[in-house]
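> Going by the numbering used here, the first residue of the sequence shown is number 31, and it counts up by one from there.
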Amino acid sequence: MASETVALIVAAGKGERMGGDIPKQFMPLAGIPLVEHGRRALTAHPGIDRVVTVVAADNSYPVAGETVAGGASRRESVRKGLEAIGEAGRVLIHDAARPIVPATVVDRLLAALDGAKGAVPVLPVADTLAGGGTALGDVVDRSALVRVQTPQAFDFAAILAAHRGWPESEEATDDAQIMRRAGHEVATVAGDPLLEKITWPGDIAIAEARLGATMRVRTATGYDVHRLAPDEELWLGGVLIPHDKGLSGHSDADVALHAITDAVLGTIAAGDIGQHFPPSDPQWRGAESGQFLQHAASLVAAKGGTIDFVDLTLICEAPKIGPHREAMRARIADLLRLSPDQISIKATTTERLGFTGRGEGIAAQAAVTVRL
Ligand code: MG
Numbered sequence: 031m032a033s034e035t036v037a038l039i040v041a042a043g044k045g046e047r048m049g050g051d052i053p054k055q056f057m058p059l060a061g062i063p064l065v066e067h068g069r070r071a072l073t074a075h076p077g078i079d080r081v082v083t084v085v086a087a088d089n090s091y092p093v094a095g096e097t098v099a100g101g102a103s104r105r106e107s108v109r110k111g112l113e114a115i116g117e118a119g120r121v122l123i124h125d126a127a128r129p130i131v132p133a134t135v136v137d138r139l140l141a142a143l144d145g146a147k148g149a150v151p152v153l154p155v156a157d158t159l160a161g162g163g164t165a166l167g168d169v170v171d172r173s174a175l176v177r178v179q180t181p182q183a184f185d186f187a188a189i190l191a192a193h194r195g196w197p198e199s200e201e202a203t204d205d206a207q208i209m210r211r212a213g214h215e216v217a218t219v220a221g222d223p224l225l226e227k228i229t230w231p232g233d234i235a236i237a238e239a240r241l242g243a244t245m246r247v248r249t250a251t252g253y254d255v256h257r258l259a260p261d262e263e264l265w266l267g268g269v270l271i272p273h274d275k276g277l278s279g280h281s282d283a284d285v286a287l288h289a290i291t292d293a294v295l296g297t298i299a300a301g302d303i304g305q306h307f308p309p310s311d312p313q314w315r316g317a318e319s320g321q322f323l324q325h326a327a328s329l330v331a332a333k334g335g336t337i338d339f340v341d342l343t344l345i346c347e348a349p350k351i352g353p354h355r356e357a358m359r360a361r362i363a364d365l366l367r368l369s370p371d372q373i374s375i376k377a378t379t380t381e382r383l384g385f386t387g388r389g390e391g392i393a394a395q396a397a398v399t400v401r402l
């Protein structure tokens with residue numbers, strides 16, 4: 031749409047300087063590919079309506095959301111991305127190698143576009159700059175220089191026309207230069223050290239430290255009870271457990287997965303399991319509860335969050351949980367794409383007191399920690 035603000039992420043490069051077999055933009059940063067960090071941040075920004083990622087024509091790595099095949103150079107890839115977008119009001123062109131995108135920089139860029147057809151985030155040069163080689167050359171006056179970052183924001187029609195007018199035989203370092211060559215002035219806004227580009231292998235560790243510093247830890251709890259009844263299967267923690275009774279209720283009544291799902295939803299204040307999967311809806315009758323948990327986890331991921339830890343307590347007289355603990359940990363880890371050492375399962379009885387003590391039902395409580 032002509033009024034839309036679109037983010038175009040360039041993730042078609044080979045990233046040779048990083049070494050290794052994986053192109054840089056797919057290397058994991060805190061367990062998530064670089065490109066996905068930027069994609070989530072841009073998707074979550076309220077000023078951005080649509081996010082398109084340009085990938086290599088022969089790309090075999092999974093990329094979420096809308097993708098477009100790129101070209102042989104960065105410039106060609108951006109051009110193809112712009113052509114594929116077709117129509118928009120504004121576009122932010124971003125390099126996947128800059129995984130941390132502070133919303134404040136996007137705010138500044140969009141505000142600058144009110145008075146200019148292009149805007150880029152820049153940082154001052156702090157180090158002394160001088161000619162290199164085997165012997166040191168003359169110092170360059172750094173006061174006149176800035177470091178240019180991405181995303182770079184443009185009036186869509188203007189940057190598309192500038193790309194179309196650029197000579198095929200020539201390469202460009204970035205889109206702002208293509209825009210300037212077409213006669214447009216490009217405004218500058220304050221950049222952010224968090225936007226630093228991942229170039230060398232050591233940069234990943236630095237970015238992980240930065241990312242850790244920007245994320246907030248949240249913990250939420252969940253609680254659920256289901257009735258034990260004869261002639262029911264006992265699903266607990268995603269595992270079928272042999273027992274003379276099973277849990278009855280909405281879906282497969284996996285009380286453990288329901289408590290964890292509620293805790294996951296709680297970390298993003300997204301209501302409870304009953305709101306997302308109403309018991310009155312016949313499509314959830316007998317449903318596997320693993321899908322509820324995965325849906326909740328996908329909502330956290332869509333907000334740029336990472337689940338760090340799950341702690342579950344099962345409250346029942348029988349069955350004994352110990353023999354099934356490792357299978358449950360493995361299954362829950364699998365559902366959440368975590369490692370089993372991020373899943374804790376405990377069990378307790380209530381000393382034969384109350385409904386759990388009388389074997390009428392099983393209760394579960396969970397606490398989930400995320401970074402967001
Ligand atoms: Mg339930």
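Built from N, CA and C at the ideal position, the CB exists for glycine as well.
Taking C-beta to C-beta, are residue 177 and residue 152 nearer than 8 Å?
yes
> Provide the residue span of the beta strand (DSSP E) that contains residue 179, from first to last.
Counting along the chain, residue 179 falls outside any beta strand (DSSP E), and DSSP gives it neither H nor E.
> Are the CB atoms of residue 256 and residue 237 within a distance shorter than 8 Å?
no
> With distances taken from CA atoms, which of 274, 215 and 372 is nearest residue 142?
215
> Counting only the same chain and skipping the five closest in sequence on each side, list residues whose C-beta sits under 6 Å from that of residue 132.
222 and 224
> Indicate the three-state DSSP secondary structure (helix, strand or coil) for residue 54 in the structure shown.
helix
> So what does DSSP say about residue 38, is it helix, strand or coil?
strand
> Apply the 10 Å Cβ neighbour rule to residue 197 and answer buried if 16 or more other Cβ atoms are within range, or exposed otherwise.
exposed
> Sorted by chain position, which residues of the same chain lie with C-beta nearer than 8 Å to residue 392's C-beta, five sequence neighbours on each side aside?
The beta carbon of residue 392 lies closer than 8 Å to those of 255, 256, 258, 266, 277, 285, 344, 345, 346 and 386 in the same chain, with the five residues before and after it left out.
> So if I measure from each beta-carbon to every heavy atom of the ligand ZN and keep distances below 7 Å, which residues remain?
The model on display carries the ligand MG but not the ligand ZN.
> In this structure, does DSSP put residue 307 in helix, strand or coil?
coil
> Are the stretch 119–137 and the stretch 58–71 in contact at 8 Å, needing three or more beta carbon pairs?
yes
> Under 7 Å Cβ to Cβ from residue 104, same chain only, skipping five residues before and after it: list those, please.
40 and 43
> Classify residue 314: buried if its beta carbon has 16 or more other beta carbons within 10 angstroms, exposed otherwise.
buried
> Given a threshold of 16 other Cβ atoms within 10 Å of its Cβ, counted over all protein chains shown, does residue 201 qualify as buried or as exposed?
Answer is exposed; the Cβ neighbour count stays below 16.
> Taking the alpha carbon of residue 71 as the reference point, which residue from 275, 318, 376 and 241 has its own alpha carbon closest?
Taking only the C-alpha atoms, the option nearest residue 71 is 241.
> Tell me whether residue 179 is buried or exposed, calling it buried when 16 or more other Cβ atoms sit within 10 Å of its Cβ.
buried
> Tell me whether the stretch 358–371 and the stretch 336–343 touch, counting them as touching only if at least three CB pairs, one residue from each stretch, are closer than 8 Å.
yes
> Quick check: the Cα distance between residue 209 and residue 188, rounded to an integer number of angstroms?
8 Å
> Work out the CA separation of residue 119 and residue 111 for me, nearest whole Å.
Between the C-alpha atoms of residue 111 and residue 119 there is a straight-line separation of about 15 Å.
> Using the Cα positions of residue 165 and residue 402, report the straight-line distance between them to the nearest angstrom.
47 Å
> Where do the ends of the beta strand (DSSP E) carrying residue 93 lie?
Per DSSP, residue 93 belongs to no beta strand (DSSP E) and is neither H nor E.
> What are the boundary residues of the beta strand (DSSP E) that includes residue 270?
269–271
> Are the CB atoms of residue 37 and residue 81 within a distance shorter than 8 Å?
yes
> Just verifying my parser: in three-state terms, what is the DSSP assignment at residue 148?
Strand at residue 148.
> Output the boundary residues of the beta strand (DSSP E) element that contains residue 107.
That residue, residue 107, is in no beta strand (DSSP E); its alpha helix (DSSP H) goes 104–115.
> Given this structure, state the Cα-to-Cα distance separating residue 375 from residue 351, to the nearest angstrom.
9 Å
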